[in-house]
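Take a look at the structure below.
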Amino acid sequence: MSKQVGKTQRERGIGHKKERKGRKAMNSIPQFEFVTSVGSPASSAKSAASKQVVRVHAMRSFLRQRDAKTLDHASGNEKARSARQSQAPVTGKFKLDSWSRKSSKKKLASRKDTVKRVAMAEQNDIHVPSIQWDLGPFELLDIRLTPQVRRLLHHYHHDFTQNSFAINPEGSFFDFAVNDVGLLHSILSMVALHFGLSHSNEFDSNPSGPVHDQAFYHQSEAIRSVNQTLGASRDSPSDSLIATVALLANYETMNGTMLSATMHVKGLKRMVELKGGLQGLRRNKVLQRIIAWTDFSYSSTWNMRSVFSRLPQLSGSPTAILSQQALPSQTLLQGIHALSVVQPEVLEIMHDLNIISKAISLSSSPNDTAITTLNISNAVYSVEHRLLSVRSDLLIHTEDNRFGYDFSMAPTMAAHLYLHLGIRELPSKARMHRILLDTLVASLLVFSVEDVLPSPIDVSLPILMWVLFVGATAASSEIQRSYFVTRLQEITLILGILDLKQFSGQLGEVMYAEKFYEKHCPGVWEEIVAFPIV
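Next comes the structure, spelled out in structure tokens:
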């Protein structure tokens, strides 16, 4: 019995020694990181080169294990122990046939193999396309880049010209907008609306069309983003949030309802007040211009005074844009003294628009670097603010009936329509022009051609003809269009205008607008000629 117990104890002692040796051996083996391959190139799976690579790695692994055991047996060597403890994890390196690191002895053979592979590829007509890592300029947007979004972005950068002089004279607007999802959606809703009104003849009568759906989708996403931001934070509204609300108000103003537009404008006004007013946003000129453009659009569409006060830093004199030699025709300035039925300030505003129109035309010329988009934008801001003030005074005087009704209202409304259509290049089909157009027609119905004939014909009739022409370009119905064409026909007969060239030339004496005339004059003149003479 004692022999059996002694034997058992010896076996346990031997087992403990083996266990300690096993643990020691396990600790001495370096930890490997394995890289698992999911396949090998078919062309080299069974080649001699790949087999050689496997053998080399197997031999290296064996040598590493042998060296590790040698270091374990030399327990007194502190340097070896510290080196083993600080040894970094071992990683394997696999060398592909296509890699260019070859010894000098194999260069010639490698070249021959390459020539053979190229010859075989050409013989089998194998085409290997090159991979180009080319990220487009919009690939990093925070919204999904669908084909529809790509089309809207293209329209924004090529045809959305109202943005140049309204809010983006320095070209920094997109950089400001691209960092906020809600603001980006609000811009795309405006662009989709602009695209639909510019290219679709049935935008209003086809509310389920693809362009209308895109505009409504981006508007809804912008509203959802605003609500989420307001619900998640009680802090002061950010610049991006204010800009989003401003563009939503502009969207409703252009082709929506007064109720919806007013709701957004009230929210915008409250947010601006929380930031200390427009002057509190003076570090963000882009945002100031967005708010100003929304204010102008809303006020002019619904015949109201400006919601926000005038900003001197955004203002500029139109006469300072052009040199004295480049100034356009002085017909409007002559009318200040010749036309007693029109208030002088109205004709001064029209003359400023004339200067701005020519400056825009010259700004596209590479030879004239003195004219900048920023100067034009500041001049447009000043003229439109002044135009809104004059309009409001005329409407008040008309309602009070204290000053009588003069002819000033007609050129004032025509000037504002031209600012929208000719300078900002807004779509003529937008609903925002309807009140302006109705007011223009109402003011013209009170007067006849004979009412302005006491003035010099070469001054008064061209101005009246220009007013009627702008009305014809903005007319949204056949009845209104026919009214303007009939009155234009009457004036062209008095002035002896016989062809399109004379017609556009006479209009150019009043307002310099080559691009605007090229677009609209042929159609209007064709209707004048085709319309029966009464």
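Per the numbering used here, the sequence shown starts with residue 1273, numbered consecutively.
C-beta: ideal position from N, C-alpha, C; glycine also.
Remember, predicted model here, so these are calculated numbers, not experimental data.
Item                                                                                                               : Value
T1591 burial status per 10 Å Cβ neighbour count (16 or more: buried)                                               : exposed
Cβ-based neighbour list, S1458, same chain, cut-off 6 Å, excluding 5 preceding and 5 following                     : A1494, T1516, L1519 and L1520
Residue from R1706, R1582 and D1567 whose Cα sits closest to the Cα of M1576                                       : D1567
Segment contact flag, the stretch 1418-1432 with the stretch 1449-1456, C-beta cutoff 8 Å, min 3 pairs             : no
Backbone CA spacing between I1763 and V1718 [nearest angstrom]                                                     : 17 Å
Exposure of K1323, with buried meaning 16 or more beta-carbon neighbours within 10 Å                               : exposed
Residue from L1604, G1528, P1699 and M1622 with nearest C-alpha to A1686                                           : M1622
Buried/exposed call for G1443, threshold 16 Cβ in 10 Å                                                             : exposed
Q1560 versus A1747: straight-line alpha-carbon distance, rounded                                                   : 32 Å
G1777 classed as buried or exposed, judged by whether at least 16 other C-beta atoms fall within 10 angstroms      : exposed
Within the stretch 1444-1499, ranges of the alpha helix (DSSP H) (whole runs, at least 4 residues)                 : 1445-1449 and 1453-1471
C-alpha distance - K1791 paired with D1485, whole-angstrom precision                                               : 29 Å
Classification of Q1404 by the beta-carbon crowding that lies within 10 angstroms, buried from 16 upward           : Residue confidence for Q1404 is low, a pLDDT of 46 falling below 50, so the modelled location carries little weight and cannot support an answer.
Cβ-based burial, I1627 [other Cβ within 10 Å; buried from 16]                                                      : buried
Inter-residue Cα distance where the pair is A1533 and G1539                                                        : 10 Å
Cβ-based neighbour list, N1556, same chain, cut-off 6 Å, excluding 5 preceding and 5 following                     : D1511
Burial state of N1647 (16 or more Cβ within 10 Å)                                                                  : buried
Nonlocal neighbours in the same chain, by C-beta distance under 7 Å from S1715, ignoring five residues either side : M1681, A1682 and M1685
I1632 versus Q1602: straight-line alpha-carbon distance, rounded                                                   : 18 Å
Buried versus exposed call for H1471 [16 or more other C-beta atoms within 10 Å across all chains shown]           : exposed
Sub-8 Å separation of F1679 and V1782 beta-carbons                                                                 : no
Rounded separation between F1580 and S1664 - CA only                                                               : 15 Å
Per-residue DSSP class, three states only, for W1797                                                               : helix
Cα-Cα separation, L1583 to T1758                                                                                   : 42 Å
Rounded separation between S1635 and A1504 - CA only                                                               : 45 Å
Minimum C-alpha distance to I1608 - residue among G1694, L1619 and L1599                                           : L1619
C-alpha gap between L1765 and S1497, whole angstroms                                                               : 58 Å
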